[in-house]
Amino acid sequence: MSFFVSFDVNSMSNFSSWYSRFRFSAKYLYCYHRTLHKNAPSTIFNNHGTRKNAWPTSLLPLALAVSAGSLALQPHFNPSFCDTDDRGVGVGGKGSTQYVVKGSQKEFPRELLQDLKIVCQDNISLDYDERYIHGKPQNSFHKAVNIPDVIVYPRSEEEVSKIVKLCNSHKVPIVPYGGATSIEGHTLSPHGGVCIDMSLMKRVKELHVNDMDVVVEPGIGWMELNEYLEPYGLFFPLDPGPGASIGGMCATRCSGSLAVRYGTMRDNVISLKVVLANGDIVKTASRARKSAAGYDLTRLMIGSEGTLGVITEVTLRLQKIPQYSVVAMCNFPSVKDAADVAIATMMSGIQVSRVELLDEVQVKAINIANGKNLPECPTLMFEFIGTEAYAREQTQIVRKLVSEHNGSDFVFAEEPEAKKELWKVRKEALWACFAMEPNLVAMTTDVCVPLSHLGDLISRSKKELDASPLVCTVIAHAGDGNFHTVILFDPNQEEQRREAERLNQFMVHAALSLEGTCTGEHGVGTGKMKYLEEELGVEALRTMKKIKAVLDPNDIMNPGKLIPPHVCF
Numbered sequence: 000m001s002f003f004v005s006f007d008v009n010s011m012s013n014f015s016s017w018y019s020r021f022r023f024s025a026k027y028l029y030c031y032h033r034t035l036h037k038n039a040p041s042t043i044f045n046n047h048g049t050r051k052n053a054w055p056t057s058l059l060p061l062a063l064a065v066s067a068g069s070l071a072l073q074p075h076f077n078p079s080f081c082d083t084d085d086r087g088v089g090v091g092g093k094g095s096t097q098y099v100v101k102g103s104q105k106e107f108p109r110e111l112l113q114d115l116k117i118v119c120q121d122n123i124s125l126d127y128d129e130r131y132i133h134g135k136p137q138n139s140f141h142k143a144v145n146i147p148d149v150i151v152y153p154r155s156e157e158e159v160s161k162i163v164k165l166c167n168s169h170k171v172p173i174v175p176y177g178g179a180t181s182i183e184g185h186t187l188s189p190h191g192g193v194c195i196d197m198s199l200m201k202r203v204k205e206l207h208v209n210d211m212d213v214v215v216e217p218g219i220g221w222m223e224l225n226e227y228l229e230p231y232g233l234f235f236p237l238d239p240g241p242g243a244s245i246g247g248m249c250a251t252r253c254s255g256s257l258a259v260r261y262g263t264m265r266d267n268v269i270s271l272k273v274v275l276a277n278g279d280i281v282k283t284a285s286r287a288r289k290s291a292a293g294y295d296l297t298r299l300m301i302g303s304e305g306t307l308g309v310i311t312e313v314t315l316r317l318q319k320i321p322q323y324s325v326v327a328m329c330n331f332p333s334v335k336d337a338a339d340v341a342i343a344t345m346m347s348g349i350q351v352s353r354v355e356l357l358d359e360v361q362v363k364a365i366n367i368a369n370g371k372n373l374p375e376c377p378t379l380m381f382e383f384i385g386t387e388a389y390a391r392e393q394t395q396i397v398r399k400l401v402s403e404h405n406g407s408d409f410v411f412a413e414e415p416e417a418k419k420e421l422w423k424v425r426k427e428a429l430w431a432c433f434a435m436e437p438n439l440v441a442m443t444t445d446v447c448v449p450l451s452h453l454g455d456l457i458s459r460s461k462k463e464l465d466a467s468p469l470v471c472t473v474i475a476h477a478g479d480g481n482f483h484t485v486i487l488f489d490p491n492q493e494e495q496r497r498e499a500e501r502l503n504q505f506m507v508h509a510a511l512s513l514e515g516t517c518t519g520e521h522g523v524g525t526g527k528m529k530y531l532e533e534e535l536g537v538e539a540l541r542t543m544k545k546i547k548a549v550l551d552p553n554d555i556m557n558p559g560k561l562i563p564p565h566v567c568f
């Protein structure tokens, strides 16, 4: 009794700390118990249809003992929350070399399944093949041991809110799913759960021609949207891979070849509506072109990769379709010379809309795939837009820059069909690689550096790529320092996979040493988590994890993505 009578401010603080540790120890032991007895979750029914005990009382004394021991040994220690497990380094943690994402899939709650059927009616699937396709992204070499338990296809924001609220009440993981074009494992379902496919939500809700903005649902693709906008003389300027949806583009903060002129997704989204983990629907901003009202929740959600909420509505900034354009192409003896011209072009103040670089291996792949006879050497491609006089003037200025940097074979096109034929060379680059090596898969790298360092990065990387036994091509958005390589390898040959990973790591670390980033536009997913601490620092990652913990305390929103598992707070 004297222990309670003698409570002062310090002992009160110690008690609070002890109570927190008791709760954490209890939670840890419960999780440990569930690991040993995988059929133990409270919302799961056993084979006889009866509920199982949620929390074995036999563990209570042990939880008290552990927490008391913690208090005695470390009286001022605050509990640390991590995602690591007893396997040591998790996928995505520092030093991880694994690409198959492990997880612990549990029996799906029967009650939840019945509730989802009520909400979604016929728009729900348990079909294995359908679940397999959603759980094994075709454009990514990243894999997971599990696939989703259920696929739902909501038709409205209200349905999304109900689905998320139900999953949160049962603590069942959610993976939002868009156009399935991401390549870093964003849509993997390592813990099973519910995959929310947004493909049925693809309406254009409002078009404001005079304001040059549009309100859309997340399932519409950027190509579909531009077809809708063309009669109005407007377009949405971001152009990632074909098939990408607007919601997924927001989630990964993507860009594309036009980012050098119009910016990334971050710069072209005015407002969002997002369903949070508890089912709340949040509008992040008004439709005004600029605002200084409150925290910038729009930018918080853009690039969050489904870990903070499900995007259900997007207000986009639009552009006028250019009056006139010219497409040009030229060749160089080395990728360094080509990169130098890209930098010189940007430094000249010319407002190009595209500057794309292809190395000689990529050009060879294009020749093989399309039956062309292009010179197999490093190549730059440009697009100039504006009035006819302005576009032509830009073309001639760049032509002079090319000649001053060892460039040759400068050609340009002004007719629509000729321009389309030239750009086809770039647009089909990835598919040309697969045509050249049809039995291999691709690891596509994505680093970005300050523009002045692009030549150095490409030169260093090119030496390493050329020395490798693997087939590697270079594709770069050279106007903004974004550099990709397509590394082709046989996934059944572990030695080849490790070599591909080594090359990827080399380029990432080279970019980071030049004050760059591990991902310019593809996002983090599971593939790039292991590089984030080196790039951002552990304090930034702890801050991200705290935000995640507040908005998604049950960790149901795309768990195991974006934030490295070794980060604690």
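Residues 0 to 568 in numbering that gives the first Met the number 0 are what the sequence shown lists, from first letter to last.
Beta carbons are placed, not taken as given, at the ideal position from N, Cα and C, and that holds for glycine.
Asked, Found
"DSSP state of T443 mapped onto helix, strand, coil", "strand"
"The ligand NAP heavy atom lying under 7 angstroms from the CB of F331", "As for the ligand NAP, it is missing from this structure, which has no ligand bound."
"8 angstroms Cβ cutoff met for H476 and I182", "no"
"Run of the alpha helix (DSSP H) containing C253, from where it starts to where it stops", "Element bounds for C253: n/a, residue is neither H nor E."
"Nearest-angstrom Cβ-Cβ length linking V159 and T386, presumed shorter than 8 angstroms", "Not confirmed; about 45 angstroms, so no contact."
"Residue nearest to N438 in terms of C-alpha spacing, selected from G184, K423, A250, V470", "V470"
"Cα-Cα separation between H75 and T516, rounded to whole angstroms", "Unreliable positioning characterises H75 in this predicted model, as indicated by a pLDDT of 35, which lies under 50. The coordinate reading is nonetheless provided below. So the alpha carbons of these two residues sit roughly 37 angstroms apart."
"Own chain partners of F375 with C-beta closer than 6 angstroms, once the 5 adjacent residues on each side are dropped", "Note on identity: in this sequence residue 375 is Glu, with Phe being the wrong assignment. Excluding positions up to five away in sequence, the list reads E359, V362, K363."
"Alpha-carbon to alpha-carbon, V273 and M556", "12 angstroms"
"Check whether I384 and S333 have beta carbons under 8 angstroms apart", "no"
"Buried or exposed by the 16-neighbour rule on C-beta atoms within 10 Å, applied to V193", "buried"
"Close Cβ partners of V268 (< 8 angstroms) along its chain, the five nearest in sequence each way excluded", "C249, T297, I301, V313, T314, L315, R316"
"Reduced DSSP category for K412 - H, G, I as helix; E, B as strand; rest coil", "Strictly speaking, residue 412 in this sequence is Ala, with Lys absent from that position. Strand, per DSSP."
"From A431, L228, M197, residue whose alpha carbon lies closest to that of M211", "L228"
"8 angstroms Cβ cutoff met for G218 and S188", "no"
"Proximal residues to D455 (C-beta, below 7 angstroms), its chain only, five neighbours per side dropped", "L513"
"Paired residues, beta bridge with T516 - DSSP", "C447"
"C-alpha distance - L464 paired with I367, whole-angstrom precision", "20 angstroms"
"8 angstroms Cβ cutoff met for V149 and L112", "yes"
"Check whether V281 and G184 have beta carbons under 8 angstroms apart", "no"
"Unbroken alpha helix (DSSP H) run spanning T542, endpoints", "537-550"
"Any 3 or more C-beta pairs closer than 8 angstroms across the segment 156-174 and the segment 114-124", "yes"
"Given 8 angstroms, three or more beta-carbon pairs between the segment 400-414 and the segment 339-353", "yes"
"Identity of the residues DSSP links to L356 by a beta bridge", "L379, A475"
"Classification of P564 by the beta-carbon crowding that lies within 10 angstroms, buried from 16 upward", "buried"
"Bridge partners - Y176, DSSP secondary structure assignment", "D196"
"Secondary structure of C329, DSSP reduced to three states", "strand"
"Pick from L275, R202, F107 that is closest to V163, judged by C-alpha positions", "L275"
"Through-space distance from A388 to Q633, alpha-carbon basis", "In the structure as shown, the chain starts at 0 and stops at 568, and residue 633 therefore has no counterpart that could be examined."
"Distance between K105 and V208 (C-alpha atoms, nearest Å)", "49 angstroms"
"Strand pairing of T314, partner residues [DSSP]", "V214, S270"
"Range of the contiguous beta strand (DSSP E) that encloses I150", "149-151"
"Extent of the continuous beta strand (DSSP E) to which L125 belongs", "No beta strand (DSSP E) holds L125; DSSP gives it neither H nor E."
"G220 in three-state terms, based on DSSP", "strand"
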